[in-house]
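Please read the structure below before turning to the comments.
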Amino acid sequence: MNSIWTVMAFTMRNKLRSKAFIVTTIVLAVLLVVVGNLPYILSKFDSNGPAAVGYVEGQQPAVIAALQKYYSAQEEPEVALQAYQSESVLKQTLTDGNIDGYLTFVDDPVIHFPKTTYNSDSALGSGAFPSLLTGLQAAKNELVVQDLGITEAQRTMLAAPVELTPVQVSSGDDTGKTQEEQGTAIGLTYVLIILLFMAVMITGQLIATEITAEKSSRVMEILVTSVSPLKQMFGKIIGTFLIGLLQIVVLLGALLLNLLQPQNAGALETMGVQLQSIDPALVAFAVLFYLTGFFLYATLFAAVGSIVSRTEDLAQAVMPITLITVVAFYVSMFGLTHPNHILIVICSFIPFFTPFLMFLRIGLGDPAWWEVVLAIGILLASVLLIGWISAKIYRAGVLMYGKKPSMKELFKAMKAYKV
Amino acid sequence: MNSLIVERVVKNYGDKTAVNGLSFEVSEGEIYGLLGANGAGKTTTMRMVLGLILPDAGDIRYLGKPYSKEQLSMLGYLPEERGMYPKIKVSDQIIYLAQLRGMSRKDAEQNLKIWLDKFQVPEYYNKKVEELSKGNQQKIQFIAAVIHRPRILILDEAFSGLDPVNVELLKATVKELRDNGTSILFSTHRMEHVEELCRNITIMHKSNPVLQGPIKEIKKRFPQERVIVASDGTIDGLEAVAGVNRVIRHEHGGYELKVQSPEAGQAILRHALAQGPVTKFEVMEPTLNEIFIKTVGENQ
């Protein structure tokens, strides 16, 4: 029994010592920290304070006054308006770089609000332009409302934003999922889908590559005479799984480090995710589907790796599995926005898609309990069946050299060995 | 006591027979030679002995017991196709393989150091295999096969790809293992190694055992057909001696004669002595090489 531990320990130790693994993990973690803090870092480089925008003194005083009022109401004004004598002076000041741009107005007799031009040296729509657009709109509303002569209360009513709250009705309990819960569920689904996809693509390939390498370096001949292929295969799969888990923990640690930074405190809230609203049942499902999904694909990768004799042929051989994974990934991306679509419902019972899609449905949709049980049942049965078949293939495959065996040859060889 | 008994084993791959009714026994402290041309069924036999594939018929017993997982730890195997993990340190992979065969880590570490010292390469302990020369990789591979002190050792082409110095070193090691009671199943194409090391042999040809037994007896079954004779000068007219089929003159003096029967030797000696003093005369035993070529060739 402890030889499976020996295989696991050996697999993990070599991975942990490999420079490629260490470098990749560190680079990913650093990248995660940097990207997470990018908005903050960029804002540090931004010129501090509001953009300076000039205007000709005396032109459109009402509009200027309304704009001034709009910006003075802001906590950190985005634009500071500055008066100059004439347009030529403004032009000169802009060339000298003392202002970011200036406004010129042309009267519009139809809507009684001037057509405004923002002159600046930056490209279309950049700089203070979006802020000015909103500011001018607000100024116009202000001017129009002033003319209507309505009361202060009416004005507040007009200014107040509308409220539309989405609530997802669930058949189980009567409260339904709140917006926070939905946001969290979407976040968690995203995380699981991406993690599982990455784990299968990276770790699965890794398992297949290592097995093929053992075969092509012929060390396999000694291995199969030392330890039963079943233990060898599962030792390698579990070892690589734990390494993948370790990598995830490191990356999550980096993510957590990001969130602990004061400048990132509001990041999760703005994405609509609240940690305290995570449903523990959902987390349990996430773990279950991650495990089953990983082992389902990993055993297949191991089987394919054992058939191929040379690492050069491996990419082609794993193509079908890679394709299934990619399809599962894209279908779940579609499912994120259409969790109750008939395609998603049907696909969630196909074992290769279940870890992605049934979790997605549990998180975002509302599958009946029997659907969940049935899908998990099919999935577990498939994991066992595919694990067994893969072990058979592995047993036969590791000693077959030369060209890739045909299905018939493989089947014949599988019958010759007992697992 | 016979450590390894192979009894009438048969292995078929589809409608092709790879091994057909092979039997042999290897006793404790014996090196048993398994010979045959490429594709004769040697590797299949070895794989059956290793428990990698099951025989379709027949029986294999290890120290009297049938095959079981527990037997793995007393088997050592040096495959014909050599291979180690190229990018992993020698110590790591040897200890790993030893652990897989039931050795404790500490025991394996100690034993590995002893073996590296024995091969005079203690500095390889922390080296990666890819950094070593091919000959030295072979030594490491050999250590991998014997580190766990197997009772039954299977050596497939043990000395291929080695220089003469290393061949002698490994040969001495194999003999030492034999003297310590290890049963060794030995396959090679190099007949001189077999003659030196093995007591009993089996020659396989196209899946069948065609010649079996102690080397001495096998040799007796084949007639002595070669005579070597040499003098300081030249010896004329050897072709004319009764019973001589063919004369080959060697570059460095001396003649090799193919004769119909060993009795012709006396006539050859008299003929040579009449021309002057003879420095060398021998009625040669058939070499295993000749026997092998004859056996395998005739059956082709």
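Protein sequence lines correspond, in order, to chains A and U.
Numbered per full-length UniProt numbering, the first sequence finishes at 419, counting up by one with no gaps.
Numbered per full-length UniProt numbering, the second sequence finishes at 300, counting up by one with no gaps.
Cβ atoms here follow ideal geometry from the backbone N, Cα and C, with glycine treated the same way.
Fair warning: this is a prediction, and the values are worked out from it, not measured in the lab.
Helix, strand or coil at residue i [DSSP, three-state]
i	result
R249(U)	strand
M233(A)	helix
S406(A)	coil
T240(A)	helix
Q137(U)	helix
G377(A)	helix
T165(A)	coil
residue 445(A)	This structure cannot settle anything about residue 445(A), because the visible part of chain A is limited to 1 through 419.
T44(U)	helix
V227(U)	strand
M414(A)	helix
Y40(A)	helix
V56(A)	strand
Y85(U)	coil
T287(U)	coil
L103(A)	strand
L259(A)	helix
R221(U)	helix
V227(A)	coil
E7(U)	strand
R61(U)	strand
N200(U)	strand
Partners in chain U for residue i, counting only beta-carbon separations shorter than 9 Å
i	result
L399(A)	R47, L52 and I53
Partners in chain U for residue i, counting only beta-carbon separations shorter than 7 Å
i	result
V227(A)	L100
V412(A)	The amino acid occupying residue 412(A) in the given sequence is Lys; Val does not appear at that position. Going along chain U in sequence order, the residues near K412(A) (Cβ under 7 Å) are G14.
I222(A)	Y77, P79, L97 and A144
F10(A)	Y96
S3(A)	L100
Burial state of residue i, where buried means 16 or more other Cβ atoms lie within 10 Å
i	result
T225(A)	buried
Q316(A)	exposed
A281(A)	exposed
residue 445(A)	The structure shown does not extend to residue 445(A), since chain A spans only 1 to 419, so no value can be given for it.
N98(A)	exposed
G149(A)	exposed
I194(A)	exposed
D156(U)	buried
R270(U)	exposed
T299(A)	buried
T134(A)	exposed
L256(A)	exposed
L384(A)	exposed
N126(U)	exposed
I291(U)	buried
Chain A residues whose Cβ lies nearer than 7 Å to that of residue i
i	result
G41(U)	Those within 7 Å of G41(U) in chain A number zero; the least Cβ separation is about 15 Å.
K69(U)	S228
Beta-carbon gap between residue i and residue j smaller than 9 Å
i	j	result
K175(U)	L197(U)	yes
K42(U)	M204(U)	yes
S120(A)	G101(A)	yes
T44(U)	I53(U)	yes
T240(A)	L206(A)	yes
V210(U)	T295(U)	yes
A375(A)	S348(A)	yes
E214(A)	L223(A)	yes
S23(U)	G58(U)	yes
D232(U)	T279(U)	yes
S131(A)	V56(A)	no
I243(A)	M12(A)	yes
V318(A)	A199(A)	no
Chain-ordered neighbours of residue i on chain U, where CB pairs are closer than 8 Å
i	result
T6(A)	Y96, Q99 and L100
R218(A)	P79, E81, R82 and G83
Residue i CB to nearest heavy atom of the ligand PLP below 8 Å
i	result
T44(U)	Only the bare structure without any ligand can be found here, which leaves the ligand PLP out of the picture.
Interface partners of residue i on chain A, CB under 8 Å
i	result
L72(U)	T225, S226 and V227
Chain A contacts from the segment 76–104 of chain U (Cβ-Cβ distance under 7 Å): Correct list: Y77, P79, E81, R82, G83, M84, Y85, P86, I88, Y96, L97, Q99, L100 and R101.
Closer than 7 Å between beta carbons: that is the criterion. Which residues of the segment 12–28 of chain A meet it against chain C? No chain C is part of this structure, whose protein chains are labelled A and U.
Taking a cut of 7 Å between CB atoms, which residues from the segment 284–317 of chain A lie near chain U? Cβ proximity to chain U below 7 Å picks out nothing from the segment 284–317 of chain A.
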